[in-house]
Amino acid sequence: METHLAAIHASLDQLHALHARMSEASKQKACFTQAVLHPGQVDILELIRDADAFEASLFVSQGERTGEVQAPKPSLRPVTVPTPLKQPRTETSDARTYLLAAEKLLQNYHNAPRARQHIRMLLKREAELQRHRARYQSMIDQAGKAQAQQASSSGALPSPARTPTVDATELKRVQDEIQRERMEILALESLLGEHDRDMQPAPSPARTTPPVPSVPIEARQASTPRRATPRAHAPARTETPRTPQHRPLISGLQTPSDARSPMLQRPARASPAMSLSQSVSSPRRTTPARPFSQSVSGTPTQSGTPRRGPARASPTGKLVPVGTVPQATDALERMAAQAWERFGEPLRYARPGCASAPFSETFQALRQLEQGVPRDESALSSYGSAPNPTAPLSVSLVMMAHVLLLLMRAPAPHTLSLPSIKTLSDTWWRQQGQAALQAAVREPALCSASVQQVGFDPTDMEQTGDALATRAVYGLVAKKVLRIQRAGGAPSVGFA
238 METHLAAIHA SLDQLHALHA RMSEASKQKA CFTQAVLHPG QVDILELIRD
288 ADAFEASLFV SQGERTGEVQ APKPSLRPVT VPTPLKQPRT ETSDARTYLL
338 AAEKLLQNYH NAPRARQHIR MLLKREAELQ RHRARYQSMI DQAGKAQAQQ
388 ASSSGALPSP ARTPTVDATE LKRVQDEIQR ERMEILALES LLGEHDRDMQ
438 PAPSPARTTP PVPSVPIEAR QASTPRRATP RAHAPARTET PRTPQHRPLI
488 SGLQTPSDAR SPMLQRPARA SPAMSLSQSV SSPRRTTPAR PFSQSVSGTP
538 TQSGTPRRGP ARASPTGKLV PVGTVPQATD ALERMAAQAW ERFGEPLRYA
588 RPGCASAPFS ETFQALRQLE QGVPRDESAL SSYGSAPNPT APLSVSLVMM
638 AHVLLLLMRA PAPHTLSLPS IKTLSDTWWR QQGQAALQAA VREPALCSAS
688 VQQVGFDPTD MEQTGDALAT RAVYGLVAKK VLRIQRAGGA PSVGFA
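What follows is the structure in structure tokens.
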């Protein structure tokens, strides 16, 4: 019995020792990988597993983790932006670029010499404006520097009350310049319209049949003498005269005595061919005399000839002769006052310092301006205290003076059509104006002292007279000196 108990006790001790060894072995950490333990059975799936707490404790994070750990994103690599092939346009609207493009299009796709000529004229005008702009900018800069020097020398600040006046003056000048440019555009559009109308083929004249005379056949036969001419190798036969039946005749055409004696009737207009056809004719073909009809005014005219209206008088016959001052009237005095009010600065090329003058002196001043303000020893050096012009005398101002003289020389109500103004101005420009201005450019001593002081601008010297007249008319319309009426037919130009 004791032997069995000892054996059972020894077995229990062995089980207890085995259990202790197994529990002790379970407390040890597992290895990191099985690659070393099983080098012959390498499987990638067996190598991939989640890290346990011991492995995770080997890595320490400096920041606080608020969410899932994300892989770091790659940094952006700086890339240089490719430069465009063409430089971008700096200005949205460039007048010179547009004009050059229009000229190129006309040279390649359309034959319009007058439009090309006006584009060149606008290019010269744009260059002139740029020169004036640079000159005015330099003058403004010099005035600002002088004012700053004066203020620094005197120790007083410039008066702020003058700034609004300068701004208002500059704004008014810019508005006038914009209005003049608009009138230039209108002039160019009108010239393009005239060119398009000239380029259109003229319609073929419709064939009109002469009106059938309303004179009875018997009256026409009675008014036409007949002579029988026997044909060759034909027996002669006796002609029995036919007595025409008397019917009521039209008043004013024939009388019974004329019907009874047709040979005594004398036509109003007879030609040799008609006389020959009346004297000798064939019995098979007779040429009756053309009947007459009574016109509205009582003058007999041929019914087959269309009646024309009264001949229109030439525009040169209505104007006062050149060199003669028209008789002053209330309308002309009003025009002179209006010219000094809105066109006074160009007039002061001929009358320095003058603010207003009666019609006769205004007409003489315009005449001198038309001739390029020639030198006059008897003229006064100053006629008042008005500011004199500072810009050079231009060809457009000379043509404006010529247009004003044409309207003043015209009969009341002192209006002319635009085509008449262009025709007269072109004739004057070719015969007198261009030569006089060219002489003034060659010899400045021939001009007055005021023109010699500011100079003469021969920019548009080579332009035609009709183009200069069109620009002058629209320029005066922009200055509100003239107005254009388009009631019907050709536009009529008169004082505003």
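Heads up: the sequence shown is residues 238 to 733, going by this note's numbering.
C-beta: ideal position from N, C-alpha, C; glycine also.
With the cut-off set at 7 Å, would you say H651 and L644 are in Cβ contact? Here residue 651 refers to the residue found at position 414 of the sequence shown. Here residue 644 refers to the residue found at position 407 of the sequence shown. Yes, the pair counts as a contact, with Cβ atoms nearer than the cut-off.
Give the range of the alpha helix (DSSP H) segment to which I377 is assigned. The count along the sequence shown starts at 1 and reaches residue 377 at position 140. First-last of the alpha helix (DSSP H) with I377: 350-391.
Which runs of the beta strand (DSSP E) fall wholly inside the stretch 614-677 and span at least 3 residues, in chain order? none
Report the partner residues of G725 according to the DSSP bridge assignment. Within the sequence shown, the letter at position 488 stands for residue 725. Beta-bridge pairing links G725 to no other residue.
Closest to V710 by C-alpha separation, out of E570, E680, L428, would be which residue? Here residue 710 is taken as the residue at index 473 of the sequence shown, counted from 1. The shortest C-alpha separation from V710 is found at L428.
Supposed close pair A576, V718 - CB separation, criterion 8 Å: Start at 1 with the first residue of the sequence shown, and residue 576 comes out as number 339. Start at 1 with the first residue of the sequence shown, and residue 718 comes out as number 481. Yes, they are in contact, since the Cβ atoms of A576 and V718 sit about 7 Å apart, within 8 Å.
Beta-carbon contacts of A339 that lie in its chain and below 7 Å, excluding the five residues immediately before and after: For the purposes of this step, residue 339 is taken as residue 102 along the sequence shown, with counting starting at 1. Hits under 7 Å: I356.
Go through its chain and collect everything with a Cβ distance to Q689's Cβ below 8 Å, but skip five positions before and after it. Residue 689 sits at position 452 when you count from the first residue of the sequence shown. The answer, listed in chain order, is P681, A682.
Determine whether the beta carbon atoms of L674 and G609 lie at a separation below 7 Å. Reading the sequence shown from its first residue, position 437 is the one you call residue 674. Reading the sequence shown from its first residue, position 372 is the one you call residue 609. Yes.
Could you check how far apart the C-beta atoms of P625 and G581 are, in whole angstroms? I think they sit under 8 Å. If you number the sequence shown from 1, residue 625 lands on position 388. If you number the sequence shown from 1, residue 581 lands on position 344. In the sequence as displayed, the identity of residue 625 is Asn instead of Pro. Not really, about 11 Å apart at Cβ, beyond 8 Å.
State the Cα-Cα distance for the pair A243 and L249, rounded to the nearest angstrom. Here residue 243 refers to the residue found at position 6 of the sequence shown. Here residue 249 refers to the residue found at position 12 of the sequence shown. Approximately 10 Å, taken between the alpha carbons.
Establish whether the CB of A733 and some CB of chain B are separated by less than 7 Å. Here there is only one protein chain, and chain B is not present.
Residues in the same chain with beta-carbon distance under 6 Å from P648, minus the five sequence neighbours each way, listed in chain order, please. One-based indexing of the sequence shown puts residue 648 at position 411. Around P648: K555.
Closest by CA to M636, which one among S375, S662, R372? Within the sequence shown, the letter at position 399 stands for residue 636. With distances taken between Cα atoms, M636 lies closest to S662.
Determine, using beta carbons only, whether V734 and M572 come nearer to each other than 7 Å. Residue 734 lies beyond the range of the chain shown here (238 to 733); nothing can be said about it.
How should P450 be labelled, buried or exposed, when 16 other C-beta atoms within 10 angstroms of its C-beta is the threshold for buried? Position 213 of the sequence shown, counting from 1, holds the residue named residue 450. Residue confidence for P450 is low, a pLDDT of 49 falling below 50, so the modelled location carries little weight and cannot support an answer.
List the endpoints of the continuous alpha helix (DSSP H) containing Y346. Residue numbering aside, residue 346 sits at position 109 when the sequence shown is read from its first letter. Unbroken alpha helix (DSSP H) run through Y346: 332-346.
Quick one: give me the first and last residue of the alpha helix (DSSP H) that Q575 is part of. If you number the sequence shown from 1, residue 575 lands on position 338. Where Q575 is concerned, the enclosing alpha helix (DSSP H) stretches over 567-579.
Under the three-state DSSP convention, the category V557 falls into: Counted from its first residue, the sequence shown places residue 557 at position 320. When secondary structure is reduced to three states using DSSP, V557 falls in the coil class, being assigned neither helix nor strand.
Run of the alpha helix (DSSP H) containing G712, from where it starts to where it stops: Within the sequence shown, numbered from 1, the residue matching residue 712 stands at position 475. From DSSP, the alpha helix (DSSP H) with G712 extends over 702-715.
Please work out which residues of its chain come closer than 7 Å, Cβ to Cβ, to G621, disregarding the five sequence neighbours upstream and downstream, and give them in chain order. One-based indexing of the sequence shown puts residue 621 at position 384. The residues are G590, C591, A592.
By DSSP's criteria, R720 is part of a beta bridge. Which residues make up the other side? Here the question's residue 720 lines up with position 483 in the sequence shown. R720 pairs with G731.
Here's the rule I'm using: 16 or more other beta-carbon atoms within 10 Å means buried, otherwise exposed. How should Q367 be labelled? Start at 1 with the first residue of the sequence shown, and residue 367 comes out as number 130. Counting the other CB atoms within 10 Å of its CB gives Q367 a total below 16, which places it among the exposed residues.
Residue closest to A727, alpha-carbon to alpha-carbon, out of T696, L705, S657, T334: Looking up residue 727 in the sequence shown gives position 490. For A727, the nearest C-alpha among the options comes from S657.
Leaving out the 5 sequence neighbours to the left and right, which residues in its chain are closer than 7 Å to L394 when beta-carbon positions are compared? Counted from its first residue, the sequence shown places residue 394 at position 157. For L394, the predicted structure reports a pLDDT of 49, less than 50, and the residue's modelled location is therefore unreliable. The matter cannot be settled from this model.
Among the candidates Q668, F693, S687, W666, whose CA atom is the shortest distance from the CA of A677? Taking the first residue of the sequence shown as position 1, residue 677 is located at position 440. Checked all of Q668, F693, S687, W666; the closest Cα to A677 is F693.
Identity of the residue in E414, F600, Q668 nearest V714 by Cα: Here residue 714 is taken as the residue at index 477 of the sequence shown, counted from 1. Nearest of E414, F600, Q668 to V714, Cα basis: E414.
From R723 to M376, what does the alpha carbon distance come to, in whole angstroms? Translated into the one-based positions of the sequence shown, residue 723 becomes position 486. Translated into the one-based positions of the sequence shown, residue 376 becomes position 139. Approximately 43 Å between the Cα atoms of the pair.
Near Q344, what residues of its chain come up, given a Cβ to Cβ distance below 8 Å and the 5 sequence neighbours on each side ignored? Working through the sequence shown from its first residue, we reach residue 344 at position 107. Cβ neighbours of Q344 beyond the five flanking positions: R353.
Find out if the Cβ-Cβ distance for the pair L360, L336 is shorter than 7 Å. Translated into positions along the sequence shown, residue 360 becomes position 123. Translated into positions along the sequence shown, residue 336 becomes position 99. Closer than 7 Å, so yes.
A733 and R720 closer than 7 Å at C-beta: Locating residue 733 in the sequence shown gives position 496, where the first residue counts as 1. Locating residue 720 in the sequence shown gives position 483, where the first residue counts as 1. The answer is yes: Cβ separation under 7 Å.
With 16 other CB atoms within 10 Å as the buried threshold, where does G331 fall? For the purposes of this step, residue 331 is identified with residue 94 of the sequence shown, where counting begins at 1. The sequence shown places Asp at residue 331, not Gly. It is exposed - the Cβ of D331 has fewer than 16 other Cβ atoms within 10 Å.
Measure the alpha-carbon distance for R351 versus R708 and round it to whole angstroms. Mapped onto the sequence shown, residue 351 falls at position 114. Mapped onto the sequence shown, residue 708 falls at position 471. Cα-Cα distance, rounded: 14 Å.
I need the DSSP call for D287, collapsed to helix, strand or coil. Looking up residue 287 in the sequence shown gives position 50. Judged by DSSP in its simplified three-state form, D287 adopts coil rather than helix or strand.
Neighbourhood of S729 by C-beta, 6 Å cutoff - its chain only, sequence neighbours within 5 removed: For this step, residue 729 is matched to residue 492 along the sequence shown. Taken in chain order, the residues that qualify are T652, S654, Q722.
Limits of the unbroken alpha helix (DSSP H) element including E598: The sequence position of residue 598 within the sequence shown is 361, counting from 1. Where E598 is concerned, the enclosing alpha helix (DSSP H) stretches over 596-607.
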